[in-house]
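Quick note on our numbering: the sequence shown kicks off at 5 and runs consecutively. Virtual Cβ for every residue (Gly too), placed ideally from N, Cα, C. All values reported here derive from a predicted model rather than from experimental measurement.
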Amino acid sequence: METTRPEENNARRNKKEGRRGVGLAVPLLVLLWLALVGGGVWLARDYIDNSLRDIQDTNALHVQALQDKLESLSQKLDELEMALEAADDSIARSSTTQEELNERIVELDRQLEKLEESLRILKESNDAALD
Numbered sequence: 005m006e007t008t009r010p011e012e013n014n015a016r017r018n019k020k021e022g023r024r025g026v027g028l029a030v031p032l033l034v035l036l037w038l039a040l041v042g043g044g045v046w047l048a049r050d051y052i053d054n055s056l057r058d059i060q061d062t063n064a065l066h067v068q069a070l071q072d073k074l075e076s077l078s079q080k081l082d083e084l085e086m087a088l089e090a091a092d093d094s095i096a097r098s099s100t101t102q103e104e105l106n107e108r109i110v111e112l113d114r115q116l117e118k119l120e121e122s123l124r125i126l127k128e129s130n131d132a133a134l135d
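Below you can see the structure in the form of structure tokens.
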């Protein structure tokens with residue numbers, strides 16, 4: 005029969021308790037790590053979603069501003085064309101006035117084309133952001 009000393013029993017008991025503590029600590033650390041990673045992913049996704057929403061709002065404002073400018077230029081162009089058509093013979097014969105009106109119309113046409121191109125690009129980027 006083997007006799008064990010009380011110190012050996014205490015040492016064995018301490019080893020078992022130590023292993024239990026380590027055995028419990030590892031899953032808790034893994035669980036904590038998973039929670040931190042999950043929280044980080046959630047925060048990153050929330051940040052990205054908010055950024056996309058801000059970009060969409062900004063694009064919508066820019067599209068509206070460009071549409072307003074486009075409408076304004078279209079109205080000015082229509083007014084100039086009507087003024088040109090309604091001009092009487094003396095204005096029509098005046099080459100200086102005619103040239104100035106034509107230059108203004110050409111300039112407004114260029115601005116209109118640029119705004120239409122900008123509007124098209126913004127709409128494409130807005131559509132791409134929504135996808």
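Item	Value
Proximity below 8 Å, CB of K73 to CB of L112	no
Three-way DSSP call (helix, strand, coil) for A129 in this model	Per the sequence shown, the amino acid found at residue 129 is Ser instead of Ala. DSSP places S129 in helix when its eight states are reduced to three.
Supposed contact pair Q60 and A2 - C-beta distance, whole angstroms, cut 8 Å	This structure cannot settle anything about residue 2, because the visible part of the chain is limited to 5 through 135.
Own chain, CB closer than 7 Å to M5, minus 5 neighbours either side, in chain order	The predicted model places M5 with a pLDDT of 47, which falls under 50 and marks its position as unreliable; any figure quoted below should be read in that light. Cβ within range, chain order: n/a, list empty.
DSSP state of S78 mapped onto helix, strand, coil	helix
Backbone CA spacing between S129 and V67 [nearest angstrom]	11 Å
DSSP-derived helix/strand/coil call for A91	coil
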